[in-house]
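**Q** In UniProt numbering, the protein residues as written are 1 to 622.
The following block contains the structure, expressed as structure tokens.
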């Protein structure tokens with residue numbers, strides 16, 4: 001505690017109503033009287049407070065950021081320098097420099113520590129000899145002069161593989177308490193080791209050819225959700241597939257035809273083009289070399305185990321590409337707090353952002369210069385030139401409610417509002433406000449990442465479907481690379497197929513409903529028929545019963561009439577016996593027999609019997 005602080009503490013111990021002479025305490029503690037009065041009235045702030053006011057973040061905000069780094073460490077996502085820079089920029093509401101990050105880390109060494117987090121290891125052969133490189137440059141430069149190779153027609157192609165969920169090696173900042181007590185000591189990563197190969201090509205004039213992506217798939221079974229973010233006109237990229245995800249002889253030949261020659265022939269016209277590549281088997285097949293010779297492509301094969309010194313892509317380009325991809329992957333992991341897995345559908349957006357940010361004209365020109373190709377200068381290699389990775393800038397910001405200037409106004413308001421309180425109470429209140437605001441800003445920054453991750457997850461499909469891609473292959477088994485236009489046609493055909501399937505499904509649903517309605521109608525008709533039959537049956541039975549009653553009544557009436565007639569007539573004489581019928585004689589002869597007259601018909605029987613009873617005459621005698 002300084003002399004002025006001691007003098008002010010002694011003045012605070014006096015009664016509020018007393019007239020406190022500042023001169024007395026200034027003489028007692030040997031301090032300037034004017035400075036003591038100004039400090040007492042709150043007109044002048046201490047020097048330490050001035051320094052704090054000039055900082056981008058207040059002490060309370062920085063302590064809140066330290067706590068946030070501790071939380072991320074416990075989640076297995078210790079931030080990188082770029083992430084710490086983004087966090088500070090979000091709280092300060094302005095872009096902070098990389099030097100601020102270092103000063104911040106130095107101020108909080110007691111709470112933060114750093115270490116390298118291991119990622120992919122790269123083993124390079126170190127078989128470098130001066131004679132080998134001299135022979136290489138002698139041959140290369142002589143052939144370039146012989147074929148009059150121009151800078152704008154000099155190309156380098158190489159392949160780069162990605163394990164889509166594995167990050168590169170990066171330095172992280174951990175909470176020292178967690179690190180010391182055996183907590184999180186490594187950064188968590190997705191760990192998806194599905195392999196995708198990219199074929200990249202750069203030109204010595206600072207331009208690039210469209211990259212080619214090789215997915216792991218059988219028989220060109222490229223899923224639609226893998227390439228749904230590729231848009232013609234916006235993305236210049238080719239897509240192919242192989243059973244392993246690596247390039248092969250068929251894809252190498254397809255690349256030189258569909259990608260390299262197709263995109264450089266118009267530029268070169270009839271001039272020779274230089275294509276520098278390594279000695280990979282797919283680049284030195286007989287078909288590959290023959291095609292290059294026929295199309296005036298001078299193929300330069302690099303010496304074995306020398307790509308790390310004389311190949312532009314290896315020396316300069318691939319390192320920032322890997323770093324940028326790892327950065328994109330880390331940002332996605334941070335936005336989702338490690339909850340969202342990395343799938344093949346996520347690869348292209350991450351790769352394209354990394355590719356466009358790293359394959360710049362400046363880096364490409366630097367890569368050809370660093371390898372002694374353009375301008376022709378072998379000394380940069382023979383002197384063991386070590387390339388450096390360009391620093392990557394980051395400028396993400398986030399919105400919040402209170403800026404540092406707002407806090408300065410807030411402090412003045414607090415002091416004016418709490419005039420009778422002690423400095424200790426005001427400091428505690430200020431610290432609480434600072435802590436709450438810092439936490440609010442960091443949570444807002446975190447929520448934006450989570451919302452973006454949720455958006456990505458909602459866009460995903462559970463299972464992608466194979467696109468109906470139609471390449472220009474002439475022979476079975478010939479490989480091909482698909483352009484964004486071909487992918488668009490495939491998606492359009494798939495969409496038309498989906499619409500047709502949906503229409504067919506609707507038709508099936510309609511037919512099913514129609515059949516169900518028809519079945520219901522038939523059942524209704526059958527039910528109505530059954531009911532009609534039942535009614536007809538009942539009516540018929542009633543008619544039959546009525547007919548039976550009528551007949552019974554008629555029979556009863558006849559019987560009654562018969563009995564009445566019998567009682568009135570009495571006995572009658574018996575009827576005469578019936579005359580005997582003459583026997584029918586046989587005809588003898590033809591004409592004589594026919595002349596005999598037929599016998600007369602017998603008379604009808606009598607209606608009265610011998611006993612005098614009436615009989616009913618048979619029908620044939622009536």
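Backbone N, C-alpha and C define an ideal beta-carbon position, used for all residues, glycine too.
Do residue 153 and residue 343 come within 8 Å of each other at the CB atom, strictly closer than that value?
**A** Locating residue 343 in the chain shown gives position 343, where the first residue counts as 1. Locating residue 153 in the chain shown gives position 153, where the first residue counts as 1. No.
**Q** Along the chain, where does the beta strand (DSSP E) that runs through residue 549 open and close?
**A** Numbered from 1 along the chain shown, position 549 holds the residue referred to as residue 549. Taken as a continuous stretch (DSSP letters only), residue 549 belongs to no beta strand (DSSP E), being part of the alpha helix (DSSP H) at 484-569.
**Q** Say the cut is 7 Å; is the CB of residue 313 nearer than that to a heavy atom of the ligand GDP?
**A** Absence of the ligand GDP is noted for the structure shown, with no ligands found whatsoever.
**Q** Where does residue 195 fall in DSSP's three states?
**A** On the chain shown, residue 195 is found 195 positions in, with the first residue counted as 1. DSSP places residue 195 in strand when its eight states are reduced to three.
**Q** Starting from the C-beta of residue 101, find all residues in its chain whose C-beta is less than 8 Å away, skip the five residues before and the five after it, and write them out in chain order.
**A** Counting from 1 along the chain shown, the entry for residue 101 is found at position 101. Within the same chain, residue 101 has close Cβ partners 81, 84, 85, 88.
**Q** Using CA coordinates, which residue listed in 132, 235, 156, 60 is at the minimum distance from residue 623?
**A** Because residue 623 is not part of the residues shown, which for the chain are 1 to 622, the question remains open.
**Q** Exposed or buried, residue 279, counting other C-beta atoms within 10 Å across all chains shown (16 or more means buried)?
**A** By 1-based counting over the chain shown, the position of residue 279 is 279. Classification for residue 279: exposed.
**Q** At the level of alpha carbons, what is the spacing between residue 332 and residue 447?
**A** As a first step, residue 332 must be located in the chain shown, where it is residue number 332. As a first step, residue 447 must be located in the chain shown, where it is residue number 447. So the two alpha carbons sit approximately 13 Å from each other.
**Q** Among 313, 21, 90, 159, which has the Cα closest to the Cα of residue 41?
**A** Taking the chain shown and counting its residues from 1, the one referred to as residue 41 is at position 41. The candidate whose alpha carbon is nearest that of residue 41 is 21.
**Q** Express the C-alpha separation of residue 155 and residue 267 in angstroms, rounding to a whole number.
**A** Taking the chain shown and counting its residues from 1, one reaches residue 267 at position 267. Taking the chain shown and counting its residues from 1, one reaches residue 155 at position 155. When rounded, the distance between both Cα atoms is 13 Å.
**Q** Thinking C-beta only, is residue 382 closer than 8 Å to residue 130?
**A** Here residue 130 refers to the residue found at position 130 when the chain shown is read from its first residue. Here residue 382 refers to the residue found at position 382 when the chain shown is read from its first residue. It is a contact, given that the beta carbons lie within the stated cut-off.
**Q** List the DSSP bridge partners of residue 298.
**A** Residue numbering aside, residue 298 sits at position 298 when the chain shown is read from its first letter. Paired residue(s): 274.
**Q** Less than 8 Å between the beta carbons of residue 29 and residue 13, yes or no?
**A** Taking the chain shown and counting its residues from 1, one reaches residue 29 at position 29. Taking the chain shown and counting its residues from 1, one reaches residue 13 at position 13. Contact: no.
**Q** Short of 8 Å in beta carbon distance, which residues of its chain neighbour residue 285, apart from the five on each side in sequence? Order them along the chain.
**A** The residue given as residue 285 occupies position 285 in the chain shown. Around residue 285: 249, 252, 253.
**Q** Per DSSP, residue 213 is paired with what?
**A** Start at 1 with the first residue of the chain shown, and residue 213 comes out as number 213. According to DSSP, residue 213 bridges with 198, 239.
**Q** How many angstroms separate the CA atom of residue 616 from the CA atom of residue 528?
**A** Against the chain shown, residue 616 aligns to sequence position 616. Against the chain shown, residue 528 aligns to sequence position 528. So the two alpha carbons sit approximately 52 Å from each other.
**Q** Could you tell me the distance, in whole angstroms, from the CA atom of residue 640 to the CA atom of residue 500?
**A** Nothing can be reported for residue 640, as the shown portion of the chain is limited to 1 through 622.
**Q** Given a cut-off of 8 Å on the beta-carbon distance, is the pair residue 329 and residue 350 in contact?
**A** In the chain shown, the residue the question calls residue 329 occupies position 329. In the chain shown, the residue the question calls residue 350 occupies position 350. Cβ distance < 8 Å, so residue 329 and residue 350 count as in contact.
**Q** Spatial neighbours of residue 402 within its chain, please: C-beta separation below 6 Å, excluding the five flanking residues on both sides.
**A** For the purposes of this step, residue 402 is taken as the residue at position 402 of the chain shown. Confidence is the limiting factor: at residue 402 the pLDDT is only 48, short of 50, which leaves the residue's position unreliable, though a coordinate-based value still follows. Taken in chain order, the residues that qualify are 437.
**Q** Specify whether the segment 297-307 and the segment 195-215 touch according to this definition: at least 3 beta carbon pairs, one from each stretch, less than 8 Å apart.
**A** no
**Q** Thinking C-alpha only, which one of 33, 215, 140 is nearest residue 311?
**A** Position 311 of the chain shown holds residue 311. The residue with the shortest Cα to Cα distance from residue 311 is 140.
**Q** Mind pulling the alpha helix (DSSP H) runs of 4 or more residues that sit fully within the segment 54-81?
**A** Counting whole runs of 4 or more residues, the segment 54-81 contains the alpha helix (DSSP H) stretches 59-74.
**Q** Flag this pair as yes or no: are the beta carbons of residue 112 and residue 202 separated by less than 8 Å?
**A** Numbered from its first residue, the chain shown carries residue 112 at position 112. Numbered from its first residue, the chain shown carries residue 202 at position 202. No, the Cβ-Cβ distance between residue 112 and residue 202 is not below 8 Å.
**Q** Looking only at DSSP bridge pairs, what is residue 162 linked to?
**A** On the chain shown, position 162 is the one that residue 162 refers to. In DSSP, residue 162 forms a bridge with 196.
**Q** Classify residue 122: buried if its beta carbon has 16 or more other beta carbons within 10 angstroms, exposed otherwise.
**A** Within the chain shown, numbered from 1, the residue matching residue 122 stands at position 122. Because the pLDDT of residue 122 is 39, which lies under 50, any placement of that residue in the model is unreliable, and the number read from its coordinates should be weighed accordingly. That one is exposed.
**Q** If you compare alpha carbons, which of 380, 490, 212 is closest to residue 160?
**A** If you number the chain shown from 1, residue 160 lands on position 160. Closest by alpha carbon: 212.
**Q** What residue from 58, 56, 55, 8 has the CA that sits closest to residue 34's CA?
**A** Within the chain shown, the letter at position 34 stands for residue 34. When only C-alpha atoms are compared, the closest one is 8.
**Q** Candidates 564, 269, 484: which alpha carbon is nearest residue 150's?
**A** Sequence index remark: in the chain shown, residue 150 carries index 150 (1-based). The closest CA to that of residue 150, considering only 564, 269, 484, is found on 269.
**Q** How about residue 442 and residue 64: do their beta carbons lie closer than 8 Å?
**A** By one-based count along the chain shown, residue 442 stands at place 442. By one-based count along the chain shown, residue 64 stands at place 64. With respect to residue 64, residue 442 sits close: the two C-beta atoms are nearer than 8 Å.
**Q** In whole angstroms, what separates the C-alpha of residue 390 from that of residue 371?
**A** Locating residue 390 in the chain shown gives position 390, counting from the first residue. Locating residue 371 in the chain shown gives position 371, counting from the first residue. Because residue 390 carries a pLDDT of 42, less than 50, the predicted location of this residue cannot be relied on, and the following value inherits that uncertainty. If you take the alpha carbons of residue 390 and residue 371, they lie about 16 Å apart.
**Q** On the criterion of 16 or more Cβ atoms from any shown chain inside 10 Å, does residue 467 qualify as buried, or is it exposed?
**A** Locating residue 467 in the chain shown gives position 467, counting from the first residue. Buried.
**Q** Taking the Cβ atom as the reference point for each residue, do residue 255 and residue 481 lie within a distance shorter than 8 Å?
**A** In the chain shown, counting from the first residue as 1, residue 255 sits at position 255. In the chain shown, counting from the first residue as 1, residue 481 sits at position 481. Cβ distance < 8 Å, so residue 255 and residue 481 count as in contact.
**Q** Within its chain, find whatever has a CB closer than 8 Å to the CB of residue 380; leave out the 5 residues flanking it on each side and keep chain order.
**A** Here residue 380 refers to the residue found at position 380 of the chain shown. Cβ-Cβ distances below 8 Å link residue 380 to 369, 370, 371, 372 in the same chain, with the five nearest sequence neighbours on each side left out; the list follows chain order.
**Q** Secondary structure at residue 13, three-state DSSP: helix, strand or coil?
**A** The residue you call residue 13 lines up with position 13 of the chain shown. Taken through DSSP and simplified to helix, strand or coil, residue 13 comes out as coil.
**Q** Excluding the 5 residues flanking residue 148 on each side, which residues of the same chain have their C-beta closer than 6 Å to its C-beta?
**A** Translated into positions along the chain shown, residue 148 becomes position 148. Excluding positions up to five away in sequence, the list is empty.
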